[in-house]
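Visitor:
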Amino acid sequence: MTEAPQTAGCPVTAGAVPLYGEGLSGDPARLYREMRSRHGAVVPILLDGGFPAWFVIGYRELHQVTSDPELFARDSRRWHAWDQVPDDWPLLPFVGYQPSVMFAEGAEHQRRAGAISDALLAIDQFELRQICERIADGLVDSFAGRGEADLMAEYALRLPLLVVAELYGAPTGEVPDLVRDIAESLDVGDGAIDAHQRVAARMARLVRVKRGRPGPDVPSRLLAHAAGLTAEEVVIDLLVVMAAAQQPTANWIGNTLRLMLTDDRFAVSLTGGRRSVGQALNEVLWEDTPTQNFIGRWAARDTQLGGHRIKAGDLLVLGLAAANNDPLVRPDFTAAHADGNQAHMAFSHGEHACPYPAPQLAEVIARAAVEVLLDRLPDVVLAVPDADLVWHPSLWMRGLTGLPVTFTPTYTPGPA
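According to my numbering, the stretch in the sequence shown is residues 218 to 633, in order.
Listed below in structure tokens is the structure:
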């Protein structure tokens, strides 16, 4: 970890740590430990392009920020650096203001988030479990006869969006392109903005269809909600929900399968499976949480945080994974793995956390995916050493580029 040089015309805080570049995502836990050792709970950082920000990695400080939406607000138009941001800035999909529930505040946020919560609450979780099992079985059928598979590309990345597409009443023929575009839009790369626009266009077409032919699905419920959402509001909020459901849930599935296939505490019970799946899912949220860091919050006025002076308009990045491993709240490293301990920050916290009941629905999807896979392929093992698995080069999401496995081939008879 190197400190950023002071450059003319770039008013960065002395000693700011670059939070970009090659190699930073290989061992994020080590990076966060080094930051905490040198800077404490709030770290001055530089984002891509040399833009200064604050990285909140202390659990208590993160709780403080997420609990005070008036002081640490979501509307990114408060940022004082907009006049310096180029049109092709790679973090623009994360930071650029959009009239969505993500950037709404106060009564407007409550209106939008309330409609989303109501639309999701109408999903029967028992029916959702059945949908997940059916889709998971179909995906396993597609590779069970080969005796080998990549559980990321062929399973974890496909399953959540297939489920969401069904809940949305979307045409399944668009799912492969949706998976590709949503993953690309959430990454930091040259094609992120174009991918985001393609996904938005698909959501707009879906809403036009649902306005004319409503059904028992999430878009139709949003269109009919008493909050009086416009078609444009429904489009952009559907996009937010789908993006939040796809990549994080896919990585939750993949990270959990990796844990169960590499850690002896879970491997010994693979043939029984169900007894340890819940523990593995919870442990991943603590140790390899799919959403590692989140941009962000903007200070509404001058304040103090973690011993630093935060100025109005400053950008704060939420260090969700680092806060989960804050030794001040986790002196016993294994304590968080106890059944029922869900005090992690995996879904953030406060008014702008993942809206209820989205975390519960995500758990239904992830648990079904893991349990079906282990039931169907009880002798599944990694095809490569654990050390050879590659994590995506992203500080924002934590997920594998691939999860190659082998197993005894099983043949599913086709239709008579």
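C-beta: ideal position from N, C-alpha, C; glycine also.
1. Let's see if you can read the secondary structure: which residues bound the beta strand (DSSP E) around aspartate 306?
2. Give the single residue among Ala538, Cys571, Ala585, Gly530 whose Cα lies nearest to the Cα of aspartate 300.
3. Could you round the C-beta distance between valine 273 and serine 293 to whole angstroms and report it? I think they count as a contact, below 8 Å.
4. For my contact list, arginine 428 and alanine 441 are in at a C-beta cut-off of 8 Å; report their separation, rounded to the angstrom.
5. Which one or two residues does DSSP pair with glutamate 365 in a beta bridge?
6. Here's a check: name, in chain order, each residue in its chain whose Cβ is nearer than 6 Å to the Cβ of alanine 538, leaving out the five neighbours to either side.
7. Here's a check: name, in chain order, each residue in its chain whose Cβ is nearer than 6 Å to the Cβ of aspartate 596, leaving out the five neighbours to either side.
8. Leaving out five residues before and five after alanine 586 in sequence, what residues of the same chain have Cβ atoms less than 6 Å from its Cβ?
9. Taking just the CA atoms, how far does valine 424 sit from tryptophan 271?
10. Looking at the unbroken alpha helix (DSSP H) that takes in phenylalanine 268, where does it start and where does it end?
11. Should proline 307 be listed as close to the ligand FAD, given that the test is whether its C-beta is under 7 Å from any heavy atom?
12. Taking just the CA atoms, how far does alanine 246 sit from threonine 389?
13. Under 8 Å: do the stretch 467-482 and the stretch 577-586 share three or more Cβ pairs, one atom per stretch?
14. Report yes if the C-beta distance between isoleucine 348 and valine 380 is below 8 Å; otherwise report no.
15. Which of the three DSSP states, helix, strand or coil, is assigned to valine 259?
16. Going by alpha carbons, who is nearest to glycine 536 out of Leu248, Leu498, Gly232?
17. Out of Leu620, Thr627, Ser611, which one is the CA nearest neighbour of serine 402?
18. So which of Pro316, His525, Ala258 has the shortest CA-CA distance to alanine 417?
19. Within the same chain, show all residues whose beta-carbon is closer than 7 Å to that of arginine 491, passing over the 5 residues directly before and after it, in chain order.
20. Do tryptophan 503 and asparagine 541 have their CB atoms nearer than 8 Å?
21. With burial defined as no fewer than 16 other Cβ atoms inside 10 Å of the residue's Cβ, what is the status of valine 622: buried or exposed?
22. Below 8 Å between beta carbons: does that hold for alanine 361 and leucine 594?
23. From Leu620, Val607, Tyr628, pick the residue whose C-alpha is nearest to that of aspartate 244; which is it?
24. Can you look up proline 235 in the DSSP assignment and give me helix, strand or coil?
25. Exposed or buried, what is tyrosine 628 when buried is set at 16 or more other beta-carbons lying within 10 Å of its beta-carbon?
26. What would DSSP say about leucine 599, mapped onto helix, strand or coil?
27. Let me know the alpha helix (DSSP H) ranges lying completely inside the stretch 462-550, each 4 residues or longer, listed in chain order.
28. In whole angstroms, give me the CA-to-CA distance for aspartate 605 and glycine 238.
29. Using a Cβ-Cβ cut-off of 8 Å (strictly less than) and excluding sequence neighbours within five positions of leucine 263, which residues of its own chain qualify?
30. Determine the contact status of glycine 364 and aspartate 434, defining contact as a CB-CB distance below 8 Å.
31. Are the CB atoms of arginine 652 and asparagine 499 nearer to each other than 8 Å?
Guide: By the coordinates alone:
1. Working through the sequence shown from its first residue, we reach residue 306 at position 89. According to the sequence shown, residue 306 is tryptophan rather than aspartate. Unbroken run through tryptophan 306: none, as it is neither H nor E.
2. Taking the first residue of the sequence shown as position 1, residue 300 is located at position 83. Looking at the Cα atoms, Gly530 is the closest of the given residues.
3. As a first step, residue 273 is located in the sequence shown; it is residue number 56 there, counting from the start. As a first step, residue 293 is located in the sequence shown; it is residue number 76 there, counting from the start. Not quite, the Cβ-Cβ distance comes to about 16 Å (not below 8 Å), so this is no contact.
4. For the purposes of this step, residue 428 is taken as residue 211 along the sequence shown, with counting starting at 1. For the purposes of this step, residue 441 is taken as residue 224 along the sequence shown, with counting starting at 1. With 8 Å as the limit, arginine 428 and alanine 441 do not qualify as a contact, their Cβ atoms being about 10 Å apart.
5. Residue mapping note: residue 365 aligns to position 148 of the sequence shown, counting from 1. Thr623.
6. In the sequence shown, counting from the first residue as 1, residue 538 sits at position 321. Answer for alanine 538: Thr506, Gln509, listed in chain order.
7. Working through the sequence shown from its first residue, we reach residue 596 at position 379. Closer than 6 Å at Cβ, skipping near neighbours: Phe624, Thr625.
8. Here the question's residue 586 lines up with position 369 in the sequence shown. Closer than 6 Å at Cβ, skipping near neighbours: Ala353, Leu376, Ile470.
9. As a working note, residue 271 is residue 54 in the sequence shown. As a working note, residue 424 is residue 207 in the sequence shown. Answer to the nearest angstrom: the Cα atoms are 38 Å apart.
10. For the purposes of this step, residue 268 is taken as residue 51 along the sequence shown, with counting starting at 1. That residue, phenylalanine 268, is in no alpha helix (DSSP H); its beta strand (DSSP E) goes 268-273.
11. As presented, the structure is devoid of all ligands, the ligand FAD included, so that no description of it is given.
12. In the sequence shown, counting from the first residue as 1, residue 389 sits at position 172. In the sequence shown, counting from the first residue as 1, residue 246 sits at position 29. Answer to the nearest angstrom: the Cα atoms are 38 Å apart.
13. yes
14. Sequence index remark: in the sequence shown, residue 348 carries index 131 (1-based). Sequence index remark: in the sequence shown, residue 380 carries index 163 (1-based). Their beta carbons are under 8 Å apart, which means isoleucine 348 touches valine 380 by this criterion.
15. Numbered from 1 along the sequence shown, position 42 holds the residue referred to as residue 259. In this structure, valine 259 counts as strand in the three-state DSSP scheme.
16. What you label residue 536 is simply residue 319 of the sequence shown in a count that begins at 1. When each option's Cα is compared against that of glycine 536, the closest is Leu248.
17. Start at 1 with the first residue of the sequence shown, and residue 402 comes out as number 185. It is Ser611.
18. Translated into positions along the sequence shown, residue 417 becomes position 200. Considering only alpha carbons, the answer is Pro316.
19. Here the question's residue 491 lines up with position 274 in the sequence shown. Unreliable placement is indicated for arginine 491, whose pLDDT of 44 sits below 50; the coordinate value is still reported in the next sentence. Correct list, in chain order: Glu588.
20. Position 286 of the sequence shown holds residue 503. Position 324 of the sequence shown holds residue 541. Closer than 8 Å, so yes.
21. Stepping through the sequence shown from its first residue, residue 622 is reached at position 405. Label assigned to valine 622: buried.
22. Looking up residue 361 in the sequence shown gives position 144. Looking up residue 594 in the sequence shown gives position 377. Against a cut-off of 8 Å, the Cβ pair of leucine 594 and alanine 361 comes out as a contact.
23. Along the sequence shown, read from residue 1 onward, the residue named residue 244 stands at position 27. Ranking the options by Cα distance to aspartate 244, first place goes to Val607.
24. In the sequence shown, counting from the first residue as 1, residue 235 sits at position 18. Proline 235 falls in the strand class under three-state DSSP.
25. Along the sequence shown, read from residue 1 onward, the residue named residue 628 stands at position 411. Exposed, by the Cβ-count rule.
26. Position 382 of the sequence shown holds residue 599. In this structure, leucine 599 counts as strand in the three-state DSSP scheme.
27. Listed in chain order, the complete alpha helix (DSSP H) runs (minimum 4 residues) inside the stretch 462-550 are 481-484, 491-504, 537-541.
28. Numbered from 1 along the sequence shown, position 388 holds the residue referred to as residue 605. Numbered from 1 along the sequence shown, position 21 holds the residue referred to as residue 238. It is roughly 21 Å from the alpha-carbon of aspartate 605 to the alpha-carbon of glycine 238.
29. Taking the first residue of the sequence shown as position 1, residue 263 is located at position 46. Contacts found: Ala221, Val229, Ala233, Val234, Pro235, Leu236, Tyr237, Pro269, Ala270.
30. Within the sequence shown, residue 364 is the residue found at index 147, counting from 1. Within the sequence shown, residue 434 is the residue found at index 217, counting from 1. For the pair glycine 364 and aspartate 434, the CB atoms are not nearer than the 8 Å cut-off.
31. Since the first and last residues shown for the chain are 218 and 633, residue 652 lies out of range.
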